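Undergrad: Dumping the structure here so I can ask a few things about it.
Numbering (my numbering), first residue to last: 1044 to 1284.
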């Protein structure tokens, strides 16, 4: 399987990568939907409820309690999947990384063209004056026991992360569709393909090779040219560029 993947990567210079939570779990960031993920922990509210727009607006302090403790991992380091994808881009093989993750690890590993479908914990903005704040500011607010991070203008700061009930960024979607449509090879990694509308983007692919790398099966397995049921970091560890 990995020999076939090596052959596909070696023989193509128009590759796009579409990734999900499984790309980050090997860096110590929990997956929402895995057996030991956030959805199986016990809270007063379900994680799905907490990270919704209406909950953020209604119970902002409770939102931040969860968000800071369970969704920001600034000490996480890129794993072999992030590193090899960055190398593939610098070598001219990979045209774009399209990710559902919000941790910024692709950029930390050196990837330049990263399309973040669900935003990033590294960007936060004042809902009143639009001033931008980084993740360190959010964490320092927690350390000072501020409760809800506030802007110097007095406005509430909101993470630039797409919450439930919110729409994806149209510009990011359009760019993602364009890259997927034009790709000769689409590598999908670390995603169960059940989060829409993001997962629906892969339906635009009409290139030569569709590769799926995920520990568990997905709804697209039967349509893929190559399916590897393994952790993506281990798979990419053996790729030579």
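Built from N, CA and C at the ideal position, the CB exists for glycine as well.
From a predicted model like this one, the values you see are computed outputs, not experimental measurements.
1) Which same chain residues end up closer than 6 Å to residue 1157 when comparing Cβ atoms and leaving out the 5 residues on each side of it in sequence?
2) What residue range does the beta strand (DSSP E) around residue 1234 cover?
3) Which same chain residues, not among the five before or five after residue 1119, have their C-beta less than 7 Å away from its C-beta?
4) Going by C-alpha distance, which of 1065, 1213, 1125 and 1048 is nearest residue 1237?
5) Skipping 5 residues on each side, what residues in its chain have a beta carbon closer than 7 Å to that of residue 1155?
6) According to the neighbour-count rule (16 or more other Cβ atoms, all chains shown, within 10 Å of its Cβ), is residue 1165 buried or exposed?
7) Under the rule that 16 or more other beta-carbon atoms within 10 Å means buried, what is residue 1169, buried or exposed?
8) As a quick exercise: from 1253, 1222 and 1195, pick the residue whose alpha carbon is nearest that of residue 1267.
9) If you compare alpha carbons, which of 1196, 1127, 1161 and 1227 is closest to residue 1248?
10) Where residue 1279 and residue 1269 are concerned, what is the direct C-alpha to C-alpha distance, given to the nearest angstrom?
11) Report the option in 1055, 1171 and 1210 whose CA atom is closest to the CA atom of residue 1095.
12) Which runs of the beta strand (DSSP E), 3 residues or longer, sit entirely within the stretch 1180-1215?
13) If we count the other Cβ atoms within 10 Å of its Cβ and call it buried at 16 or more, is residue 1204 buried or exposed?
14) If I follow the unbroken beta strand (DSSP E) through residue 1261, where does it start and stop?
15) If you check the beta carbons only, do residue 1176 and residue 1200 fall under 7 Å apart?
16) Any chance you could list the alpha helix (DSSP H) runs of at least 4 consecutive residues sitting entirely within the stretch 1087-1118, in chain order?
17) Would you call residue 1127 buried or exposed, if buried means 16 or more other Cβ atoms sit within 10 Å of its Cβ?
18) Identify whether residue 1289 lies in helix, strand or coil by the three-state DSSP scheme.
19) Hey, how far is the Cα of residue 1097 from the Cα of residue 1188?
20) Tell me whether residue 1225 sits in a helix, a strand or coil according to DSSP, three-state version.
21) Among residues of its own chain, excluding the 5 on either side of residue 1197, which ones have a beta-carbon nearer than 8 Å to its beta-carbon?
22) For residue 1284, which three-state DSSP category applies?
23) Of the choices 1089, 1134 and 1121, whose alpha-carbon is the least far from that of residue 1113?
24) When we look at the beta-carbon of residue 1265 and count the other beta-carbons within 10 Å, is it buried (16 or more) or exposed?
TA: On the basis of the coordinates in this document:
1) Walking along the chain shown from the start, residue 1157 turns up at place 114. Cβ within range, chain order: 1140, 1149 and 1150.
2) Counting from one through the chain shown, the residue named residue 1234 turns up at place 191. Premise fails: residue 1234 is in no beta strand (DSSP E) and is neither H nor E.
3) Your numbering for residue 1119 matches position 76 in the chain shown. Closer than 7 Å at Cβ, skipping near neighbours: 1070, 1071, 1072, 1146 and 1148.
4) Counting from 1 along the chain shown, the entry for residue 1237 is found at position 194. Comparing Cα positions, the closest option is 1065.
5) Within the chain shown, numbered from 1, the residue matching residue 1155 stands at position 112. Once the five neighbours on either side are set aside, the close Cβ partners of residue 1155 are 1132.
6) Working through the chain shown from its first residue, we reach residue 1165 at position 122. It counts as buried.
7) Walking along the chain shown from the start, residue 1169 turns up at place 126. By the neighbour-count rule (16 or more Cβ atoms within 10 Å), residue 1169 is buried.
8) Residue 1267 sits at position 224 when you count from the first residue of the chain shown. Answer by Cα proximity: 1253.
9) For the purposes of this step, residue 1248 is identified with residue 205 of the chain shown, where counting begins at 1. Measuring from the Cα of residue 1248, the nearest candidate turns out to be 1227.
10) For this step, residue 1279 is matched to residue 236 along the chain shown. For this step, residue 1269 is matched to residue 226 along the chain shown. For residue 1279 and residue 1269, the distance between alpha carbons rounds to 14 Å.
11) Residue 1095 sits at position 52 when you count from the first residue of the chain shown. Of the candidates 1055, 1171 and 1210, the one whose C-alpha sits nearest the C-alpha of residue 1095 is 1210.
12) 1200-1204
13) Looking up residue 1204 in the chain shown gives position 161. Buried, by the Cβ-count rule.
14) Locating residue 1261 in the chain shown gives position 218, counting from the first residue. Segment: none, residue 1261 is in no beta strand (DSSP E) and carries neither H nor E.
15) Position 133 of the chain shown holds residue 1176. Position 157 of the chain shown holds residue 1200. Cβ atoms of residue 1176 and residue 1200: closer than 7 Å.
16) 1090-1093, 1096-1101 and 1103-1113
17) Position 84 of the chain shown, counted from the first residue, corresponds to residue 1127. Buried, because 16 or more other Cβ atoms sit within 10 Å of the Cβ of residue 1127.
18) In the structure as shown, the chain starts at 1044 and stops at 1284, and residue 1289 therefore has no counterpart that could be examined.
19) The count along the chain shown starts at 1 and reaches residue 1097 at position 54. The count along the chain shown starts at 1 and reaches residue 1188 at position 145. Using only the alpha carbons, I get a separation of about 23 Å.
20) As a first step, residue 1225 is located in the chain shown; it is residue number 182 there, counting from the start. Helix at residue 1225.
21) Start at 1 with the first residue of the chain shown, and residue 1197 comes out as number 154. Correct list, in chain order: 1171.
22) As a working mapping, residue 1284 is identified with position 241 in the chain shown. Looking at residue 1284 - three-state DSSP - the assignment turns out to be coil, as it is neither helix nor strand.
23) Mapped onto the chain shown, residue 1113 falls at position 70. Looking at the Cα atoms, 1089 is the closest of the given residues.
24) In the chain shown, counting from the first residue as 1, residue 1265 sits at position 222. It is exposed - the Cβ of residue 1265 has fewer than 16 other Cβ atoms within 10 Å.
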